[in-house]
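Residue numbers for the sequence shown follow my numbering, so the first one is 1 and each next one is one higher. Yeah, the Cβ is synthetic: ideal placement off N, Cα and C, and Gly gets one too.
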Amino acid sequence: MGDRNDKGQFIKGNSYAMKPGETGRNPKGNPASRSIVGQLREILNSERGEEIVDALVQSALKRAIKGDFRFWNSILQYIDGKVPDRIAGHDGGPLNVDEETLARVQKIVDSADSIDESQT
């Protein structure tokens, strides 16, 4: 109990505190290994890399044609980046909506709220 105060919190200078110069890193932890992306790059830059890329593209196209767009979407996001989840104006800046447009949008939302779910 000598390392804690009456609330159970560690006190300054407790025996568990890091000593000056310690970083808190785990020097005997998991060794660094090659990343999957690094291994893929190595393979794709190898002698057979172009052949493998062609096979991957053909496989993705076949799956997309059969209706599985998840794999293709992942590749596109990796290559082109994820499409931003935001709405922007024509110039890329914030979307400015005037009162008239806002009233028209509200009218559409109100009419959609009144649609009977059993009709759809």
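Per the coordinates, the alpha-carbon of R34 lies some 56 angstroms from the alpha-carbon of E99. Comparing C-alpha distances from L76 to each of L56, E22, R104, S46 shows the shortest one belongs to L56. A straight-line Cα-Cα distance of about 20 angstroms links R4 and P20. Short of 7 angstroms from the beta carbon of Y16, and not among the five residues preceding or following it, lie these beta carbons of its own chain, in chain order: D3, F10.
Secondary structure of F10 (DSSP, three-state): strand. Where L61 is concerned, the enclosing alpha helix (DSSP H) starts and stops at 49 to 65.
Secondary structure at R41: helix, using DSSP grouped into helix, strand and coil.
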